[in-house]
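Quick mapping for you: the protein sequence lines, in order, are chains A and B. Note that the working numbering gives residue 590 to position 139 of the first sequence, counting from 1, and the numbers run on in steps of one. Note that the working numbering gives residue 695 to position 244 of the second sequence, counting from 1, and the numbers run on in steps of one. We put the CB at the ideal spot given by N, CA and C, even for glycine. Nothing here was measured: the structure is a model prediction, and the numbers come from that model.
There are 2 protein chains.
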Amino acid sequence: MRDPERWATMQDVAREAGVSTMTVSRALTAPDKVAAETRERVNGAVARLGYVPDQSAGSLSSRNTRLVTALISTLGGSVFAETAAGLMRTLRDANCQLLLGATDYSQESEEELISAALGRRPVGVVLTSEHHTPDAQRKLRRAHVPVVEIWELPDDPIDMAVGFSNHAAGWRMTQFLHELGYRRIATMGQRGPADARGQRRQQGYADAMRALGLGAPRIVPDDGGCTPIEAGARGLVALRERWPDTDAVFCTSDAGALGAVSEARRRGLATPGDIAIAGFGDFDYAGPAGLDLTTLRVPGFRMGEEAGRLLLARQAGEISGPCMVNVGFEPVRRATA
Amino acid sequence: MRDPERWATMQDVAREAGVSTMTVSRALTAPDKVAAETRERVNGAVARLGYVPDQSAGSLSSRNTRLVTALISTLGGSVFAETAAGLMRTLRDANCQLLLGATDYSQESEEELISAALGRRPVGVVLTSEHHTPDAQRKLRRAHVPVVEIWELPDDPIDMAVGFSNHAAGWRMTQFLHELGYRRIATMGQRGPADARGQRRQQGYADAMRALGLGAPRIVPDDGGCTPIEAGARGLVALRERWPDTDAVFCTSDAGALGAVSEARRRGLATPGDIAIAGFGDFDYAGPAGLDLTTLRVPGFRMGEEAGRLLLARQAGEISGPCMVNVGFEPVRRATA
DNA sequence: TTGAAAGCGTTACCAG
DNA sequence: CTGGTAACGCTTTCAA
C-alpha cells in the first residue's frame, strides 16, 4: 500500500490493473484504442485508487496545457462578468480551463500578468484592455500565442479580435435619440484610463451630432476620482447647470445612467419629460423589471463565447491569418427615453 | 540559433550565459545565492532570448503549482465579483494564479469541475456553493487539498471557512427594521438552488419575527424561473395583494430589492412611506449615488482576501486544524427604509 | 558559489 | 491492441 498522503500516479494504476502506463494513458484519453476488457480493468483501478491525472506532467509531455488566460480590467461593474461566463462556457466544452487576471486598468500590471500567464504556456490569451505597453505586445507576439482582443475592434490588432466599434456605438445611440425626437442631446460618462472606450463612444456621439446638424456637442466633463455611478449622478447636476435646456443625455455606461436616473429622481425630474436618459451595455439591472433603461445592448456573453471559439479554432489550425469578428450592438428602447 | 518558433528553454539560457541550468534556475528563484557577476550574465541571456520559465515543468519538479482554484456559482449578479477580486489580490502578492470555474448552481457541474481542478494540483480550492455531492466531498478530502468555503459558516465544513451566518444576517436586518419603527415586516427573495442562503436569511427573519413578538412571518412565495430582479418586482406585487398593510420588506438580495424598488416606483408607491424596502449585500448599485438602498453590507472583497490568506497560510504550515473566520455584516441605513 | 545526475508524472514514438 | 523507451523543462539533492 502506498503512502495515502501522496497522489496516486499512473504507475500505481498500471500496477493495480496489471498493464503498462501507456495503456492506462490510452484508456483515459483514447478509450476506443484499448480493448473493452482492458479498459474496464483500468477504470476499476482508477476508481479504486481515486486517481486523478497530473496535468502538469501531461502538459509538459504533450505540449498542450488546455489553459486559457483572460486578462480583464476589473470584474466589478458587471461589464466583463458576462463575457467571462461566455468564455468559460466555450472552454469547458473543450476541456479547457480559465486562468483569470485583473489588471485594474494598469498597463504595468497587465505586462506583469502577461509574463506570468505566458509561464503557463496557455493555448490562448484573451485581452479586454485596449492599450498595451510595447513590451507587452512584443512578449505576446514573440510567444506566438493566439491572442483575442475583445470589446473593441482595434485598428492594429495584436492577432484576433471580437468586438464592435465603440465609435459607431456612440453614433448609433445619438441617431437613435434623434429618431425618438430629441434634439438637444448631451453625453456624459467616465473618462480617463478606466474608460477610454467611453471616450470613443463620446467621439461617435460628437461626430453624429455634427452629421445630424444638431449643433455643438455637449460633453459633460468628468471630475474623475469617483465611481462610474457617482460620475453619473454628479454629471447630471453639472449638465443641468451648463446646458439647462438639454432634453436627452447619452451616458457612456449603464452604471453612469443608473447614477443619472437616481439623481434625477432625487431632484424630482421626470425621465423622460424633464430629461431623457440612455445608457450603454444593457447590464442586468437595466432590464424592464429593474431600471427599465433605454440603452444600447452589447452581446457580452457572446463575445466571450466567440473569443473562446477563435482561440480553439486557431489552435486546431482551422484559422491562420488575422481575424476580426464584429458582434454589433442594438438600441433597446425602454422607459427612460 | 534555435528555431524561433519554439520557446527558449533554461538550457538555452544556460548555454548563452555560459553557466549550468542550475545556476540559471538559482539566478531566477534565489538571486542572492548566485554571484552578482554571474547573475548579470544570466539576466542578460534571459532578456536576449526572451526567456519565460515553463511553469508546468517547474510545478512538476518542485511539486508546487502556485495555482488556486475558485469554483463559484455564477459571475453574474455582482455577488461574487468582489470576492474574486479580493482573492486575486491576495494571490497575486504571493505569486499565485487563479483558475476560475462556474458551476451554474449545479452540483454535478461542481463535481466535474472539482475533478478537473484537482488535475492541476492546486495549492488550494475556494468554494462558494454550500451543498456538495458526497463524491465531491470525498474527492476533496482525499486530495488533502486546503479548501475554503466562503459566504457562509457551514455546520460541517470540509476544511476551512470564511463567511458569516446567513441566519444571523436575516435576524439582524429584521431587528434593524424593528428598531427603525417598522412593525409589519415581510420578506421576499429567490428561493431554490440558486439561493439556498437566501432561504437561511429568511429563516433568520422568521425566527426574529417570533422573538420580537411581531406576529406570524410574512414570507412572499417565489414563483421561480426568473431572474432575481424580476422576482423582486413580482414579489412586491404579490406582497401588496396578500398583506396590504405591510410597512417594510426585507429582500434577501440587493438584486431583489432593485426589482422591488423599481416596481414600487412604477406603481407610484413611496419607499419608505407606502413601503420601506431593505436589501442584502450592498452591491455597487445600492450606494448613495445609485439606488440609495438600505441594506445589510457584507464584506465581499475581504472574504476573498481572507480566503486567499488562509490557503497560503495553510500551505506554509502556519495553520493546521480546521479554521473558521467570521467576517460579520453591518446594516446600512439609506433612503429606502 | 557552482555543477552533475537523478528524478517529477505524463505522452510521443516506434516496435511487436 | 499493447508495451518499452525516451523525452518534456525544470528543481532537488548531493558533491565539489
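Inter-residue spacing [alpha-carbon to alpha-carbon] between V503(B) and V778(B): 39 Å
Identity of the residues DSSP links to E781(B) by a beta bridge: R748(B)
Simplified DSSP assignment, three categories, for F615(A): coil
Interface residues of the region 485 to 507 of chain B facing chain A [CB-CB below 8 Å]: G501, V503, P504, D505, Q506, S507
Closer than 8 Å at the beta carbon, the chain A residues around T678(B): D735, G738, A740
Nearest-angstrom beta carbon gap, I601(B) and A587(B) [assumed within contact, 8 Å]: That pair is no contact at about 16 Å.
Cβ shell of P668(A) (< 6 Å), same chain only, five flanking positions each side left out: A657, M660
I565(B), enclosing beta strand (DSSP E) - first and last residue: That residue, I565(B), is in no beta strand (DSSP E); its alpha helix (DSSP H) goes 558 to 569.
I680(B) and T638(B) closer than 9 Å at C-beta: no
Sheet register partners of I609(B) (DSSP bridge): Answer is none; I609(B) lacks a bridge partner.
Members of the region 534 to 547 of chain A near chain B, C-beta cut-off 7 Å: A535, A536, M539
Contact belief for G537(B) with G755(B) at Cβ below 8 Å, rounded distance in angstroms: 3 Å
Contact under 9 Å by Cβ, A532(B) with S529(A): yes
DSSP bridge partner residues for Q548(B) (one or two, in chain order): L518(B)
Under the three-state DSSP convention, the category L578(B) falls into: strand
E600(A) (DSSP reduced to helix, strand or coil): strand
Secondary structure of R453(A), DSSP reduced to three states: Its pLDDT being 47, under 50, R453(A) is placed unreliably by the model, and the measurement read from it follows with that caveat. The answer is coil: DSSP assigns R453(A) none of H, G, I, E or B.
Nearest candidate by alpha-carbon position, reference P739(B), set E769(A), S507(A), T516(A), A684(A): A684(A)
Interface residues of chain A facing R642(B) [CB-CB closer than 9 Å]: By Cβ distance, chain A contributes nothing, its closest Cβ being about 17 Å from R642(B), past 9 Å.
Supposed close pair Q572(A), S510(B) - CB separation, criterion 8 Å: At residue 572(A) the sequence reads Arg, which differs from the Gln that was named. With 8 Å as the limit, R572(A) and S510(B) do not qualify as a contact, their Cβ atoms being about 11 Å apart.
Collapsed DSSP secondary structure at G724(A) in the structure displayed: coil
Through-space distance from A645(B) to A786(A), alpha-carbon basis: 29 Å
Within 9 Å, strictly: CB atoms of I636(A) and A699(A): yes
Cβ of A645(A) within 9 Å of any chain B Cβ: no
Assigned secondary structure, G710(A) (DSSP; H/G/I helix, E/B strand, else coil): helix
M452(B) versus Q641(A) - alpha carbon distance: Residue placement at M452(B) is flagged as unreliable, the pLDDT there being 42, under the threshold of 50; the coordinate-derived value follows with that caveat. If you take the alpha carbons of M452(B) and Q641(A), they lie about 49 Å apart.
R669(B) - DSSP class collapsed to helix/strand/coil: strand
Minimum length 4: unbroken alpha helix (DSSP H) runs contained in the region 625 to 689 of chain A: 647 to 662
8 Å Cβ shell around D673(A) - same chain, five flanking residues per side excluded: M639, G640, Q641, R642, G643, A682, G686
Classification of T480(B) by the beta-carbon crowding that lies within 10 angstroms, buried from 16 upward: exposed
Check whether L551(B) and L551(A) have beta carbons under 9 Å apart: yes
At least three beta-carbon pairs within less than 8 Å, the region 479 to 494 of chain B to the region 760 to 779 of chain A: no
Contact with chain A by M452(B), beta-carbon distance below 9 Å: Low confidence applies here, because M452(B) scores a pLDDT of 42, under 50, leaving its location unreliable; read the following figure in that light. No, its Cβ sits nowhere closer than 9 Å to a Cβ of chain A.
Proximal chain B residues relative to H583(A), where beta-carbon distance stays under 7 Å: Under the 7 Å cutoff, chain B gives no residues; its nearest Cβ is about 16 Å from H583(A).
Below-9 Å beta-carbon distance, L522(A) vs any chain B residue: no
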